[in-house]
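Participant: Sending over a structure as structure tokens; questions will come in a sec.
Numbering (our numbering), first residue to last: 18 to 634.
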């Protein structure tokens, strides 16, 4: 029998040992390479990493600023973490040929994108090389490859260059699951090229995602016939989708493509879609606007090629106008007050409120006489609360105006002049409705754009990272970044006080949304933040934050837990849309802010894709 005093004597050394073990676990942690490192005090490591001034200092230290003096006294490189260029592995034809030889089977990019692959960049982040072997790439553009190589030679920071190298071509490398070039046959429909572009890890094409994924390549279409045909094919395929299912947002591979279909969610939708063709049928106004974005960008960058205006495109555009007319009808008759017939409803068997619509799938009522168009869902695929979703109305207005001011003329579509007149009607109605109902008085920020309204006086004050968003209004082409109402709106949505989905944590901050939850912000919001400011400090701190939170994988992710060190807690390792947005953002900086990212000799030269690619004309 053990006495109480004996227990006391035994407990003392045990307690001492446990105390030492606990202290050791607090003071030490395992680093990424397995080495023991002493933890920095909480107030230093965390607070400094979220401090914009600290981020700016880090950014400047590593050569990503407008500071031309990159040398310390004595001629040493100020960036002590940067390896000498002769230690870098050059990614050239020889390297790529070897990569092909070593690749016996093309991997699933969902898995491939979650692992680091050599060679690594020679900067402080040591990003991996995340492009698949050349023989595994789904599409290759000589113009895109030339722009990547040219930008790599001009960008100061080797990590930023690698991030661009991984992200900009990601859509072409991984998501073109089917492309049918133009074929000369007796059948008229077989003459048209077709292209099926998936969003990444989900085996379906979203109209919006695909348009934005391809947007980064649009400035290069004139210099690469194959790229031009790829985007023409995307226009034709989206026209086919809209003709058959104009209310739907995401689609299976087209018939005859030979691409395996993914699983479909069979929701209760009216009008009932063909689930053999439709992956999901959430009515999102911005999906229809994105079809016009894809078309407008092609027309503008091809220098006026109207070959896309065929019978299929005209039918699709007519379908767009029909949906706009239907969804501009109010919930109740102005004279009688009786409920009007509804054209679209959506119900899903789910316990997630944002995945279905209230009131039997119709959504909350909207008022008459607004000139606005309702949208059942947002670009995040979440249900709208108030169905006059302002960013999508702005998006549709700007795309209708772009089309009307260029190719949408009586001369181009002489046999369908009614389409032109109808487009003019919506342009006028939307222009008035957005200004009258979309701008509201906020008690703190003054006149701002609301996220959603209903025409009765209700408004939603928030923003979501997905584009179109309130943050993206200048990027959509609706207003300038220095517009007073936009600036008021920007202050509101980039603050915790004004936007419930502006999320700030220990290691990351930005706009999120209800789709993932209130712990995760989206890198996409920081990319849009960069493109909608003229403030160098804001650009530098935003870009630095993005670069620090790729989970050391060198790709953009859908969302990042704001309290996750290095962004290791993220969603969707293969999210092509955001990779394209990163490429678009770097091209934007190269053109408008070259002093922030380019080497000294290129810092005062705005980047010009045409001069780089002129050899391909």
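In this text, a Cβ means the ideal position worked out from N, Cα and C, and glycines have one as well.
Which residue wins for smallest C-alpha separation from residue 143, given the options 151, 245, 134, 149?
Facilitator: Locating residue 143 in the chain shown gives position 126, where the first residue counts as 1. Minimum Cα distance to residue 143 is reached at 134.
Participant: Which residues bound the alpha helix (DSSP H) around residue 447?
Facilitator: As a position in the chain shown, residue 447 is number 430, starting the count at 1. Element bounds for residue 447: 434-450.
Participant: Counting only the same chain and skipping the five closest in sequence on each side, list residues whose C-beta sits under 7 Å from that of residue 296.
Facilitator: Along the chain shown, one-based indexing puts residue 296 at 279. The residues are 221, 267, 268, 269, 279, 281.
Participant: Could you tell me whether the Cβ atoms of residue 579 and residue 587 are closer together than 8 Å?
Facilitator: Indexing the chain shown from 1 puts residue 579 at position 562. Indexing the chain shown from 1 puts residue 587 at position 570. No, these two residues do not count as a Cβ contact at 8 Å.
Participant: What does the alpha-carbon distance come out to for the pair residue 162 and residue 610?
Facilitator: For the purposes of this step, residue 162 is identified with residue 145 of the chain shown, where counting begins at 1. For the purposes of this step, residue 610 is identified with residue 593 of the chain shown, where counting begins at 1. Each residue's alpha carbon lies about 22 Å from the other.
Participant: Am I right that residue 361 and residue 300 are in contact with their C-beta atoms under 8 Å? What's the rounded C-beta distance?
Facilitator: The residue labelled residue 361 in the question sits at position 344 within the chain shown. The residue labelled residue 300 in the question sits at position 283 within the chain shown. Correct: roughly 5 Å between the Cβ atoms.
Participant: Please check the pair residue 447 and residue 410, which I expect to be a contact at CB under 8 Å, by giving their CB distance rounded to whole angstroms.
Facilitator: Within the chain shown, numbered from 1, the residue matching residue 447 stands at position 430. Within the chain shown, numbered from 1, the residue matching residue 410 stands at position 393. Going by Cβ atoms, the distance from residue 447 to residue 410 rounds to 6 Å, so yes, they are a contact pair.
Participant: In angstroms, rounded to a whole number, what distance separates the CA positions of residue 291 and residue 258?
Facilitator: Walking along the chain shown from the start, residue 291 turns up at place 274. Walking along the chain shown from the start, residue 258 turns up at place 241. Computed Cα separation, rounded: 11 Å.
Participant: Identify the residues that DSSP records as bridge partners of residue 521: which are they?
Facilitator: Stepping through the chain shown from its first residue, residue 521 is reached at position 504. Paired residues: 526.
Participant: Pull up the distance between the alpha-carbon of residue 559 and that of residue 544, whole angstroms please.
Facilitator: Indexing the chain shown from 1 puts residue 559 at position 542. Indexing the chain shown from 1 puts residue 544 at position 527. Going by the C-alpha atoms only, they are around 8 Å apart.
Participant: Decide if residue 1 is buried, meaning its Cβ has at least 16 other Cβ atoms within 10 Å, or exposed.
Facilitator: For the chain, the structure presents residues 18 to 634; residue 1 sits outside this window and is missing.
Participant: Which residue spans inside the segment 259-342 form an unbroken beta strand (DSSP E) run of at least 3?
Facilitator: Here the runs fully enclosed are 285-287, 295-297.
Participant: Nearest by alpha-carbon distance to residue 320: which of 445, 240, 183, 358 is it?
Facilitator: The residue you call residue 320 lines up with position 303 of the chain shown. Of the listed residues, the one whose Cα sits closest to residue 320 is 240.
Participant: Which two residues bound the contiguous alpha helix (DSSP H) that contains residue 599?
Facilitator: Position 582 of the chain shown, counting from 1, holds the residue named residue 599. Residue 599 -> alpha helix (DSSP H) spans 593-609.
Participant: What runs of the alpha helix (DSSP H), each 4 residues or longer, lie entirely inside the segment 95-171?
Facilitator: Listed in chain order, they are 110-119, 126-129, 159-171.
Participant: Once DSSP output is grouped into helix, strand and coil, what is the label at residue 580?
Facilitator: By one-based count along the chain shown, residue 580 stands at place 563. Looking at residue 580 - three-state DSSP - the assignment turns out to be coil, as it is neither helix nor strand.
Participant: Measure from the alpha carbon of residue 554 to the alpha carbon of each residue in 614, 170, 631, then state which is nearest.
Facilitator: As a first step, residue 554 must be located in the chain shown, where it is residue number 537. The residue with the shortest Cα to Cα distance from residue 554 is 614.
Participant: Helix, strand or coil: how does DSSP classify residue 411 here?
Facilitator: For this step, residue 411 is matched to residue 394 along the chain shown. In the structure shown, residue 411 sits in a helix (DSSP, three-state: H, G or I).
Participant: Using a Cβ distance threshold of 8 Å, determine whether the segment 225-232 contacts the segment 298-312, with at least three qualifying pairs required.
Facilitator: Touching, per the Cβ criterion.
Participant: With distances taken from CA atoms, which of 388, 408, 338 is nearest residue 491?
Facilitator: What you label residue 491 is simply residue 474 of the chain shown in a count that begins at 1. Of the candidates 388, 408, 338, the one whose C-alpha sits nearest the C-alpha of residue 491 is 408.
Participant: Taking Cβ positions, are residue 238 and residue 248 nearer each other than 8 Å?
Facilitator: Against the chain shown, residue 238 aligns to sequence position 221. Against the chain shown, residue 248 aligns to sequence position 231. Taking 8 Å as the Cβ cut-off, residue 238 and residue 248 qualify as a contacting pair.
Participant: By the three-class DSSP mapping on this structure, what secondary structure does residue 257 have?
Facilitator: For the purposes of this step, residue 257 is identified with residue 240 of the chain shown, where counting begins at 1. Residue state, collapsed to three classes: helix.
Participant: Quick one: what's residue 470 bridged to in DSSP?
Facilitator: Working through the chain shown from its first residue, we reach residue 470 at position 453. Residue 470 is bridged to 405, 476.
Participant: Helix, strand or coil: how does DSSP classify residue 234 here?
Facilitator: As a working note, residue 234 is residue 217 in the chain shown. Looking at residue 234 - three-state DSSP - the assignment turns out to be coil, as it is neither helix nor strand.
Participant: Using only the alpha-carbon positions, how far apart do residue 109 and residue 424 sit?
Facilitator: Position 92 of the chain shown, counting from 1, holds the residue named residue 109. Position 407 of the chain shown, counting from 1, holds the residue named residue 424. Cα to Cα, residue 109 sits roughly 42 Å from residue 424.
Participant: Need the endpoints of the beta strand (DSSP E) that residue 422 sits in, please.
Facilitator: Start at 1 with the first residue of the chain shown, and residue 422 comes out as number 405. That residue, residue 422, is in no beta strand (DSSP E); it is neither H nor E in DSSP.
Participant: Any idea which residues DSSP pairs residue 195 with across the strands?
Facilitator: Counting from one through the chain shown, the residue named residue 195 turns up at place 178. Bridge partners of residue 195: 213.
Participant: Out of 178, 428, 327, 469, state which residue places its alpha-carbon closest to the alpha-carbon of residue 481.
Facilitator: Taking the first residue of the chain shown as position 1, residue 481 is located at position 464. Considering only alpha carbons, the answer is 469.
Participant: Which class does residue 629 belong to by DSSP, given the choice of helix, strand or coil?
Facilitator: The residue you call residue 629 lines up with position 612 of the chain shown. Helix.
Participant: Does the Cβ of residue 438 have 16 or more other Cβ atoms within 10 Å, making it buried, or fewer, making it exposed?
Facilitator: Here residue 438 is taken as the residue at index 421 of the chain shown, counted from 1. Exposed, because fewer than 16 other Cβ atoms sit within 10 Å of the Cβ of residue 438.
Participant: So residue 393 and residue 349 are supposed to be a Cβ contact under 8 Å. How far apart are they, rounded?
Facilitator: One-based indexing of the chain shown puts residue 393 at position 376. One-based indexing of the chain shown puts residue 349 at position 332. Not confirmed; about 18 Å, so no contact.
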